[in-house]
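Engineer: Chains as they are written, first to last, in our numbering: chain A, 1 to 510; chain B, 1001 to 1365.
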């Protein structure tokens, strides 16, 4: 069920209405019911499977809490981890590794037909699995009490706003919020609706528009000129940001309608001063999870054994952990390489002099520093977006190969956009050439990127009272504020309906 | 409670103000085709029930674009050059799919056939478009008996697989007024039929003529509206294996009567089967299965052609089933049906004309 579908809108409206009109003791049961409906419409079979896995973890966590002998506790934890990782591996990585084995054996003359599983990915399995593993480890480490209420536990893991693509929540953050009654708060509801609108604007108006160009480039990279390839990378850099942060804003906005505050997942990532800083700003919930449950334990493990120096361990840990993050994103070597590159970059960064790793104080060096990090991050996105490693390699090695190509080829990946054509026609600009229309479209795309960067810049470097977008809107006079709301809604509505279907959020596939 | 009511009221006002803004936004950014019906174009007729209005000149828009509708003194559809005159005259019998008010006459099957046949024979050929909405083989038989007395060189019967498979034989239709404009009327009872015809349909008609937002809403919520029974779309029963088997010999018998009638005047007859969009467009079929709750295993898309052919063979009559040609062309990406009004598109008419032209030429010679 897409968040942009009529069915989801109806489900959300009914749920919010029931949440605030029925007696408060039913509030979280109502949300749980909505979450079940949301998941079941995706697949009844998988809903039962995931519910079964959640139920097992509920009882295992209770057992861990009640058990003292460390061996028993460890075994229980091990059972849960094997179950969770096993499920994720089965659905997401079995085919990938099976084909990798076949590819490895082929040069050795061993003919092996890769066994494959023909099964769709259960909705949100990556995010649910990480949330469950985090919970089990928290309980094992005694940083969180195991949850006694089975309904609350199901709601923590199946909360429908964030089940599809995060943020990855922690029990100690989300569970307390879904256990107490929520009073009606108009301001809270308005904030939620506003956040949903902002998220929808980023996804539907910005990301979808940029995706047209990006798909045109990356689906046929060999047909693209250098400038086209550069623009393709640049546009994808902002497409994925608008898409993923848009989803997060929608998820957080929906959660806010129920008085729940989900983790902030993005913090102006393209204003990072280093690769490490980028990962403190991008997909923050995943980074925190990886740091706490993979990087730190891995580093401690090697440090205790004193096999290598601390610096070597740190670098190696970055490389291993980031490769795993890459693999988590998808069962494709492009994602693994993407993660590996980030790991190497982070490792290299730790070897640089400290003054280079800290944010620069003077303006020009700070701009240069941020720009350099931005360029590096953008280039690494090539691996994330390319269909194959060969395509990614081609793109990166041909960025400057044909700079002399006529600039008009920059427009080739674009198809004329019905909204642009209609709007120009309405404004009296009929019978324009296709080139002119595409040029306008390209200009609009740059304008939207500029707008996105400006809003982030305002939050990053603006006055304190512009700490987030909502405060910016709040400070506008009433007429201006309502014009912004209505204008944004009209744009989102038109963009949603200008195409036969909106593509899924990028991170839903993970 | 007061706070909730206050918020609810603010939200309602916000949404009410949003409607005209969205209407403006849709008109500017994604303008739709407003539907422009024209009432009274099918006056009643004793025998046929309804017929096409004679000497008509209007513009219609059923959702996929405007078209000029001209008819001659008989109510046959004609082009901008006026009534056709030629020594070679072909009578084309059919329903709305033949009449094709979605496109200009020059783009219809008959308009294109006239052009092709005239070019090929080197002499004018007229193909008279007698199409009337809601006609079926019963009407074609009555029409043939009336009309074939005049001098024709051939008769072509266009059978639409969507709704031209009849389930009962009718010798004569009573006059029936059709009215494409629904008027508001008071309810005399609270049944669905009255609510739909006296309240909902009038609202629908007015909004269809004036609101781009409404047209968009109907288009985007077609599945939900179909599930509620609030749409003119339907899934042809003849494509389901559960269809009553009596319809096939009944339809074949009626078509055979037309061929026999033509034989009396010693003129050849061609029976053409036009497929419905569901038989050609997989996306549309999927939509229908979702919207109408159809069991996929009960769908037999080739059934009309296969069953009709089997029955017509008893009369030694060949059926020209254009389903294979439609599927082949659709596989190339050609759009053969309208998007809002699922009658044939100009490309669909071209396909039919191109497929029939050699057959017609062969029989004329």
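The beta-carbon is built from N, C-alpha and C at its ideal position, and this holds for glycine as well.
My output table needs one value for residue 1131 of chain B: the three-state DSSP class, helix, strand or coil.
Structural biologist: It is coil, neither helix nor strand.
Engineer: For residue 1155 of chain B, report the span of its beta strand (DSSP E) as first-last.
Structural biologist: Run containing residue 1155 of chain B: 1154–1160, per the beta strand (DSSP E) assignment.
Engineer: Which partner residues does residue 281 of chain A have in the DSSP bridge list?
Structural biologist: Answer is none; residue 281 of chain A lacks a bridge partner.
Engineer: Assuming residue 1029 of chain B contacts residue 422 of chain A (C-beta within less than 8 Å), just tell me the rounded distance between them.
Structural biologist: So it is a contact: roughly 5 Å between Cβ atoms.
Engineer: Give the residues of chain A in contact with residue 1003 of chain B, contact being defined as C-beta atoms less than 7 Å apart.
Structural biologist: Those within 7 Å of residue 1003 of chain B in chain A are 184, 186.
Engineer: Taking the straight line between their C-alpha atoms, what separation do you get for residue 298 of chain A and residue 204 of chain A?
Structural biologist: Approximately 40 Å between the Cα atoms of the pair.
Engineer: Can you list, in chain order, the stretches of the alpha helix (DSSP H) that have 4 or more residues and sit fully within the segment 1099–1123 of chain B?
Structural biologist: Fully enclosed alpha helix (DSSP H) runs of 4 or longer: 1109–1121.
Engineer: Ordered along the chain, which non-local residues of its own chain (more than five positions away) have a Cβ less than 8 Å from that of residue 28 of chain A?
Structural biologist: Contacts found: 151, 152, 155, 178, 179.
Engineer: Exposed or buried, residue 108 of chain A, counting other C-beta atoms within 10 Å across all chains shown (16 or more means buried)?
Structural biologist: It is exposed - the Cβ of residue 108 of chain A has fewer than 16 other Cβ atoms within 10 Å.
Engineer: So, for residue 289 of chain A: in the same chain, excluding its five sequence neighbours on each side, which residues have a beta-carbon less than 7 Å away from its beta-carbon?
Structural biologist: Cβ neighbours of residue 289 of chain A beyond the five flanking positions: 130, 134, 168.
Engineer: Assign residue 1269 of chain B to one of three DSSP states: helix, strand, or coil.
Structural biologist: In the structure shown, residue 1269 of chain B sits in a strand (DSSP, three-state: E or B).
Engineer: Helix, strand or coil for residue 1294 of chain B per DSSP?
Structural biologist: Three-state result, residue 1294 of chain B: coil.
Engineer: Flag residue 1030 of chain B as yes if its beta-carbon sits less than 8 Å from any beta-carbon of chain A, otherwise no.
Structural biologist: Taking Cβ atoms only, chain A reaches closer than 8 Å to residue 1030 of chain B, which makes this a yes.
Engineer: Checking 8 Å against the spacing of the C-beta atoms, do residue 334 of chain A and residue 278 of chain A come in under that value?
Structural biologist: Taking 8 Å as the Cβ cut-off, residue 334 of chain A and residue 278 of chain A do not qualify as a contacting pair.
Engineer: My output table needs one value for residue 1058 of chain B: the three-state DSSP class, helix, strand or coil.
Structural biologist: Strand at residue 1058 of chain B.
Engineer: Grouping DSSP H, G and I as helix and E and B as strand, with all else coil, what is residue 120 of chain A?
Structural biologist: In the structure shown, residue 120 of chain A sits in coil (DSSP, three-state: anything other than H, G, I, E or B).
Engineer: Enumerate in chain order the residues of its own chain whose CB-to-CB distance from residue 326 of chain A is below 6 Å, with the five nearest sequence positions on each side excluded.
Structural biologist: Within the same chain, residue 326 of chain A has close Cβ partners 335, 336, 338, 339.
Engineer: So, are the CB atoms of residue 92 of chain A and residue 43 of chain A less than 8 Å apart?
Structural biologist: Their beta carbons are not under 8 Å apart, which means residue 92 of chain A does not touch residue 43 of chain A by this criterion.
Engineer: Where residue 1026 of chain B and residue 420 of chain A are concerned, what is the direct C-alpha to C-alpha distance, given to the nearest angstrom?
Structural biologist: Cα-Cα distance, rounded: 12 Å.
Engineer: Would residue 189 of chain A count as contacting chain B if we go by Cβ distances under 8 Å?
Structural biologist: Yes, because at least one Cβ of chain B sits closer than 8 Å to the Cβ of residue 189 of chain A.
Engineer: I'd like to confirm the pairing. Which residues does DSSP put opposite residue 1077 of chain B in its beta bridges?
Structural biologist: According to DSSP, residue 1077 of chain B bridges with B/1071, B/1129.
Engineer: Is it true that the CB of residue 293 of chain A sits closer than 8 Å to the CB of residue 137 of chain A?
Structural biologist: Closer than 8 Å, so yes.
Engineer: Can you tell me which of the three DSSP states residue 1228 of chain B falls into?
Structural biologist: Of the three classes helix, strand and coil, the one that applies to residue 1228 of chain B here is coil, per DSSP.
Engineer: May I ask you to report which of helix, strand or coil DSSP gives residue 1044 of chain B?
Structural biologist: Of the three classes helix, strand and coil, the one that applies to residue 1044 of chain B here is strand, per DSSP.
Engineer: State the Cα-Cα distance for the pair residue 463 of chain A and residue 1024 of chain B, rounded to the nearest angstrom.
Structural biologist: Whole-angstrom Cα-Cα distance: 36 Å.
Engineer: Please confirm whether residue 423 of chain A has its beta-carbon closer than 8 Å to some beta-carbon of chain B.
Structural biologist: It does: the Cβ of residue 423 of chain A has a partner Cβ on chain B nearer than 8 Å.
Engineer: Give me the chain B residues within the contact set of residue 493 of chain A, using Cβ-Cβ distance strictly less than 8 Å, ordered along the chain.
Structural biologist: Under the 8 Å cutoff, chain B gives 1022, 1025, 1026.
Engineer: Pull up the CB-CB distance for residue 242 of chain A and residue 452 of chain A, whole angstroms please, since I reckon it's below 8 Å.
Structural biologist: That belief holds up - the Cβ atoms of residue 242 of chain A and residue 452 of chain A are roughly 6 Å apart, short of 8 Å.
Engineer: Look at the alpha carbon of residue 1064 of chain B and the alpha carbon of residue 1352 of chain B, and state the distance between them as a whole number of angstroms.
Structural biologist: Between residue 1064 of chain B and residue 1352 of chain B, the C-alpha separation is close to 20 Å.
Engineer: I want to know whether the segment 1076–1093 of chain B touches the segment 1147–1161 of chain B - three or more CB-CB distances under 8 Å.
Structural biologist: Judged by Cβ distances under 8 Å, the segment 1076–1093 of chain B makes contact with the segment 1147–1161 of chain B, as three or more pairs qualify.
Engineer: Check each residue of the segment 1193–1209 of chain B: if its Cβ is closer than 8 Å to any Cβ of chain A, include it; give the result in chain order.
Structural biologist: So nothing in the stretch comes that close.
Engineer: With residue 1325 of chain B and residue 1145 of chain B assumed to form a contact (beta carbons below 8 Å), what rounded beta-carbon distance in angstroms separates them?
Structural biologist: Wrong, their Cβ atoms sit about 31 Å apart, outside the cutoff.
Engineer: For the beta strand (DSSP E) holding residue 1321 of chain B, just list the boundary residues, first then last.
Structural biologist: Its beta strand (DSSP E) spans residues 1319–1321.
Engineer: Cβ closer than 7 Å: which chain B residues qualify as neighbours of residue 6 of chain A?
Structural biologist: By Cβ distance, chain B contributes 1221, 1224.
Engineer: Just to confirm before moving on: does the CB-CB distance between residue 184 of chain A and residue 1331 of chain B stay below 8 Å?
Structural biologist: No, Cβ-Cβ distance for residue 184 of chain A and residue 1331 of chain B is not below 8 Å.
Engineer: Could you tell me the boundaries of the beta strand (DSSP E) in which residue 1090 of chain B lies?
Structural biologist: Note, residue 1090 of chain B: beta strand (DSSP E), 1088–1093.
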